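Presented below is the structure to which this report refers.
There are 2 protein chains.
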Amino acid sequence: MRVLVCGGDGFCGWPTVLHLSAQGHDVAIVDSLVRRQWDVELGTQSLLPIATLPERVARWRECSGRTVRCHIGDMTDAAFLMDVLRREEPEAIVHFAEQRSAPYSMIDRQHAVFTQVNNVAGTLNLLYGIKEFVPQAHLIKLGTMGEYGTPNIDIEEGYITIEHKGRTDTLPFPKQPGSMYHLSKVHDSHNIHFCCRVWGLAATDLNQGVVYGVQTAETASDPVLYNRFDTDAIFGTALNRFIVEAVAGHDLTVYGKGGQTRGFIQIADTVRCVELALLHPARPGEFRVFNQFTEQFSVLQLAERVAAVAPRLRLRARVAHLPNPRVEQEEHYYHAVHTALIDLGLEPHLLDDDLVADLLQLAVRFSDRILAGKLLPTVLWR
Amino acid sequence: MRVLVCGGDGFCGWPTVLHLSAQGHDVAIVDSLVRRQWDVELGTQSLLPIATLPERVARWRECSGRTVRCHIGDMTDAAFLMDVLRREEPEAIVHFAEQRSAPYSMIDRQHAVFTQVNNVAGTLNLLYGIKEFVPQAHLIKLGTMGEYGTPNIDIEEGYITIEHKGRTDTLPFPKQPGSMYHLSKVHDSHNIHFCCRVWGLAATDLNQGVVYGVQTAETASDPVLYNRFDTDAIFGTALNRFIVEAVAGHDLTVYGKGGQTRGFIQIADTVRCVELALLHPARPGEFRVFNQFTEQFSVLQLAERVAAVAPRLRLRARVAHLPNPRVEQEEHYYHAVHTALIDLGLEPHLLDDDLVADLLQLAVRFSDRILAGKLLPTVLWR
Numbered sequence: 000m001r002v003l004v005c006g007g008d009g010f011c012g013w014p015t016v017l018h019l020s021a022q023g024h025d026v027a028i029v030d031s032l033v034r035r036q037w038d039v040e041l042g043t044q045s046l047l048p049i050a051t052l053p054e055r056v057a058r059w060r061e062c063s064g065r066t067v068r069c070h071i072g073d074m075t076d077a078a079f080l081m082d083v084l085r086r087e088e089p090e091a092i093v094h095f096a097e098q099r100s101a102p103y104s105m106i107d108r109q110h111a112v113f114t115q116v117n118n119v120a121g122t123l124n125l126l127y128g129i130k131e132f133v134p135q136a137h138l139i140k141l142g143t144m145g146e147y148g149t150p151n152i153d154i155e156e157g158y159i160t161i162e163h164k165g166r167t168d169t170l171p172f173p174k175q176p177g178s179m180y181h182l183s184k185v186h187d188s189h190n191i192h193f194c195c196r197v198w199g200l201a202a203t204d205l206n207q208g209v210v211y212g213v214q215t216a217e218t219a220s221d222p223v224l225y226n227r228f229d230t231d232a233i234f235g236t237a238l239n240r241f242i243v244e245a246v247a248g249h250d251l252t253v254y255g256k257g258g259q260t261r262g263f264i265q266i267a268d269t270v271r272c273v274e275l276a277l278l279h280p281a282r283p284g285e286f287r288v289f290n291q292f293t294e295q296f297s298v299l300q301l302a303e304r305v306a307a308v309a310p311r312l313r314l315r316a317r318v319a320h321l322p323n324p325r326v327e328q329e330e331h332y333y334h335a336v337h338t339a340l341i342d343l344g345l346e347p348h349l350l351d352d353d354l355v356a357d358l359l360q361l362a363v364r365f366s367d368r369i370l371a372g373k374l375l376p377t378v379l380w381r
Numbered sequence: 000m001r002v003l004v005c006g007g008d009g010f011c012g013w014p015t016v017l018h019l020s021a022q023g024h025d026v027a028i029v030d031s032l033v034r035r036q037w038d039v040e041l042g043t044q045s046l047l048p049i050a051t052l053p054e055r056v057a058r059w060r061e062c063s064g065r066t067v068r069c070h071i072g073d074m075t076d077a078a079f080l081m082d083v084l085r086r087e088e089p090e091a092i093v094h095f096a097e098q099r100s101a102p103y104s105m106i107d108r109q110h111a112v113f114t115q116v117n118n119v120a121g122t123l124n125l126l127y128g129i130k131e132f133v134p135q136a137h138l139i140k141l142g143t144m145g146e147y148g149t150p151n152i153d154i155e156e157g158y159i160t161i162e163h164k165g166r167t168d169t170l171p172f173p174k175q176p177g178s179m180y181h182l183s184k185v186h187d188s189h190n191i192h193f194c195c196r197v198w199g200l201a202a203t204d205l206n207q208g209v210v211y212g213v214q215t216a217e218t219a220s221d222p223v224l225y226n227r228f229d230t231d232a233i234f235g236t237a238l239n240r241f242i243v244e245a246v247a248g249h250d251l252t253v254y255g256k257g258g259q260t261r262g263f264i265q266i267a268d269t270v271r272c273v274e275l276a277l278l279h280p281a282r283p284g285e286f287r288v289f290n291q292f293t294e295q296f297s298v299l300q301l302a303e304r305v306a307a308v309a310p311r312l313r314l315r316a317r318v319a320h321l322p323n324p325r326v327e328q329e330e331h332y333y334h335a336v337h338t339a340l341i342d343l344g345l346e347p348h349l350l351d352d353d354l355v356a357d358l359l360q361l362a363v364r365f366s367d368r369i370l371a372g373k374l375l376p377t378v379l380w381r
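If you're matching them up, the sequences are chains A and B in order.
Just so you know, we're using numbering that gives the first Met the number 0 here: the first sequence kicks off at 0 and counts up by one.
Just so you know, we're using numbering that gives the first Met the number 0 here: the second sequence kicks off at 0 and counts up by one.
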């Protein structure tokens, strides 16, 4: 299948590009490379050194014999994006090309407005481009489980059937997102849903949980193909940050009580979920929502898991409860349905101690690149 | 009370400015005057000739002895907006300053992106400005009943209590907006709700129905104070458009079957609803939603009402069913709760034949300004 991966240079995008290419799909990338610029802005870096995008695709061609085309530009630049769609004529478009850090979006007004305008306008441009040039293309959009917040009822996959005053309807699941970034994803969801209803576009919204792990079979196969490993308090996510903190001899920074429960997924499962959505597309007019995670954990559970495995590598890790920089419930009900991708054939890789040990080992190997000054949260929600 | 009215030069904003000023509030206006520019862009005009904003406030001072300060600038210009908030220190902010036409937002990609970026970024700037400079100020935001769409259950005021799998929660009412403009209002609602939850801001979202009528006691009191009367297919709304069509000898342009049912409200009630919200503010941290309309009608009912009254002025009006330019259900269940404003003391002015006759008379008086070429819809949803 001809697949365009928007944001194909990023943490989820790059492994997806390689996985889909390895599976025989004809893959092209759209990316502005701005994620690398955010590292410059924040003074952060990937724990694993990452090659440039041209180096990456050149090496992939050497390793696999497969070509990946690159279009460097910004999705908010409509003329650029339309030109790419015209030339590539993709059958499916996987859209990761958004600012995806909650803390980054909460730095200040400028970062909030940037995040929302960037994500919403980029996605709108893509929707109009699909309508005009490739109306049959299947849009696979990365959403987030964070769109739902933590309601006191079970979270369904995108929709909920409500009985109310003797009548019934199935409606979009109510959203209570927890940051300016998460809000931008809610806006996207409403916009995409509308375009499916009105223009008959076909879209799958992958409401992904927190991703952990770093490498997939393809990214691990050569150092030039390595995936990025974000460990700082802005772009690093819970488990991955704890791994690096353990290796750095730093306290594991649990925010508040740590009872915040979320859905989690391994990066190796992310790429297969995208492939499953690709192989089983939404119908014209359908806005389909999958909750893309494999297990629920509380943040404290994850920290304790890392602390328990750390001694295997002769590391001592202590869990510390920091004042929570975010505004969120620290003890709450959480149960989210996530059966749609399983029904399509996903065989989840669950978190086990060996994976935690592997990640610790990886972090040990690159421990001279840990920036200890970037582990503590500096962005406050209030 | 010190009140800032954003969008105070517009169709709802200007009558609100005068009403609040007449009630003794200390009113200042923020407006970019862009609504007048859109008339230039579209080749349209208000049926009633309207004075410039400086002329309006000068005449109001002569008539009432009351001063209204004007700040001319754009809400997406954060430096400008922050400066106004610092200088005015409002106790309440009424925010009408958005692109508010569904057809305008559906013209093409540029107009869609403009509408969403303009509305969302302007409101975000305002939220950050309130947080920084006037955190106690009560934000009164114009939303729209169109955020809800037409669900098959009763529409509640902002929230709905859902029982699901043996558990219960009260959550934001699910949204199914019908245009890029309506979507922008849904985005605003989520953004404002978040800022109330996280920063403790106090906000009231007025989900207004379709407004009809033109003048209020204050705007009618002097020709220089006249309100704008939009009659074209882009900015004109159902009843007001039918009035002008009847006077122009044009068919009354009902889109499709005309079974589309909506909540409606007179402009004279709009200004009182805003005042009621102002006098009974939301609490810190509260995001309160009022459904601001007084009666439900189908579009066909309104056209037939105008056709029935037209002969009083020796006009002959015929209802015509046009192919619907929009994508919407033309026959559907619709029942929306709207008791919160009644509970605060609103005494609704219901639609009666005398008002229809008055509007017809007003349109007859200015019939030489009718632009017959602007009555038919040109913007298609598909």
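We put the beta carbon where it would ideally sit given N, CA and C, even for glycine.
It should be emphasised that the depicted structure is a prediction, and the values quoted were computed from it without experimental measurement.
Is the beta carbon of ARG1 of chain B closer than 7 Å to that of ASP25 of chain B?
yes
task: Show which residues of chain B have a CB atom less than 8 Å away from the CB atom of HIS189 of chain A.
output: LYS174, PRO176, LEU182, VAL185 and HIS186
For the region 100-123 of chain B, list every residue whose C-beta sits within 7 Å of some C-beta in chain A, in sequence order.
ARG108, ALA111, VAL112, GLN115, VAL116, VAL119, ALA120 and LEU123
Original post:
Helix, strand or coil for ILE341 of chain B per DSSP?
Top reply: helix
**Asked** Does VAL326 of chain B get closer than 7 Å to chain A when you measure Cβ to Cβ?
**Response** yes
Does the separation of the CB atoms of ALA281 of chain A and THR203 of chain A fall below 7 Å? yes
Original post:
How about ILE161 of chain B: is its C-beta nearer than 7 Å to some C-beta of chain A?
Top reply: yes
inquiry  = Which same chain residues end up closer than 6 Å to LEU80 of chain B when comparing Cβ atoms and leaving out the 5 residues on each side of it in sequence?
reply    = MET74, ASN124 and GLY128
Considering only DSSP beta bridges, list what CYS69 of chain B is partnered with. B:ILE28
ASP38 of chain B: first and last residue of the uninterrupted alpha helix (DSSP H) it sits in: 33-41
My assumption, with CB atoms under 8 Å, is that LEU205 of chain A sits in contact with GLN291 of chain A. Please give the rounded CB distance. The pair is a contact, with the Cβ atoms about 4 Å apart (cut-off 8 Å).
> Hey, is TYR147 of chain A's beta-carbon within less than 7 Å of any beta-carbon in chain B?
Replying inline: no
**OP:** Compute the beta-carbon to beta-carbon distance between HIS189 of chain A and LEU182 of chain B, rounded to the nearest angstrom, for a pair I have assumed lies under 8 Å.
**Re:** Contact between HIS189 of chain A and LEU182 of chain B holds, since their C-beta atoms are separated by about 5 Å, short of 8 Å.
Open item on the list: Counting only C-beta atoms, is ILE369 of chain A closer than 7 Å to chain B at any point?
Closed with: no
ask   = Would you say TYR127 of chain A reaches chain B, if we count a Cβ-Cβ gap shorter than 7 Å as a contact?
value = yes
Coil, strand or helix - ASN151 of chain B by DSSP:
coil
- Message: I'd like to know if VAL197 of chain B contacts chain A, where contact means its C-beta is closer than 7 Å to some C-beta of that chain.
- Response: yes
>> So, at 7 Å on beta carbons, what are the nonlocal neighbours of ASP38 of chain B in its own chain, with the 5 sequence-adjacent residues on each side left out?
In response: GLN44
For this session: Determine the chain A residues that contact ASN151 of chain B at a beta-carbon separation under 8 Å, and present them in chain order.
Result: Under the 8 Å cutoff, chain A gives ARG166, THR167 and ASP168.
Check: Quick one, which of A:ALA77, A:ASN226 and A:GLY142 has its alpha-carbon nearest GLY157 of chain A's?
Finding: Closest option to GLY157 of chain A, judged by alpha-carbon separation, among A:ALA77, A:ASN226 and A:GLY142: A:GLY142.
Residue range of the alpha helix (DSSP H) that includes GLY142 of chain B | Premise fails: GLY142 of chain B lies in the beta strand (DSSP E), 137-143, not in any alpha helix (DSSP H).
- Query: According to DSSP, is SER63 of chain B helix, strand or coil?
  - Reply: helix
Starting from PRO171 of chain B, find everything on chain A with Cβ-Cβ shorter than 8 Å and list it in chain order. By Cβ distance, chain A contributes PRO173, LYS174 and GLN175.
**Message:** By the DSSP assignment, the alpha helix (DSSP H) with HIS383 of chain B in it spans what residues?
**Reply:** Residue 383 of chain B is absent from the model: chain B starts at 0 and stops at 381.
Can you list, in chain order, the residues of its chain whose CB lies under 6 Å from that of HIS70 of chain B, leaving out five sequence neighbours each side? VAL29 and VAL83
* Step through the CB atoms of chain A and report whether any lies within less than 7 Å of the CB of PHE286 of chain B. => Chain A, which has no Cβ nearer than 7 Å to the Cβ of PHE286 of chain B, makes this no.
| According to the neighbour-count rule (16 or more other Cβ atoms, all chains shown, within 10 Å of its Cβ), is LYS162 of chain A buried or exposed? | Correcting the residue identity first, residue 162 of chain A is Glu in this sequence and not Lys. Looking at its Cβ environment, which holds fewer than 16 other Cβ atoms inside 10 Å, GLU162 of chain A is exposed.
Per DSSP, which one or two residues make a beta bridge with ARG85 of chain A? For ARG85 of chain A, which the question treats as bridged, DSSP gives no partner whatsoever.
- Query: PRO171 of chain A and PRO173 of chain B look like a contact to me (Cβ under 8 Å); what is the Cβ gap, rounded to whole Å?
  - Reply: 5 Å
- C-beta neighbour in chain B for PHE193 of chain A, strict 7 Å: yes
Review point. Rounded to a whole number of angstroms, what is the C-alpha to C-alpha distance between TRP59 of chain B and VAL67 of chain B?
Key: Their Cα atoms are separated by approximately 8 Å.
Residue range of the alpha helix (DSSP H) that ASN323 of chain A falls in?
Where ASN323 of chain A is concerned, there is no enclosing alpha helix (DSSP H), given that its DSSP letter is neither H nor E.
Under 8 Å Cβ-Cβ, which residues of chain B neighbour ARG381 of chain A?
The answer, in chain order, is VAL197 and TRP198.
Which runs of the alpha helix (DSSP H), 4 residues or longer, sit entirely within the region 275-316 of chain B? 298-308
Run of the alpha helix (DSSP H) containing HIS192 of chain B, from where it starts to where it stops:
Where HIS192 of chain B is concerned, the enclosing alpha helix (DSSP H) stretches over 179-198.
Q. Can you list the residues of chain B that ALA237 of chain A reaches, using a CB-CB cut of under 8 Å?
A. Result: empty, since nearest Cβ-Cβ is about 20 Å, beyond 8 Å.
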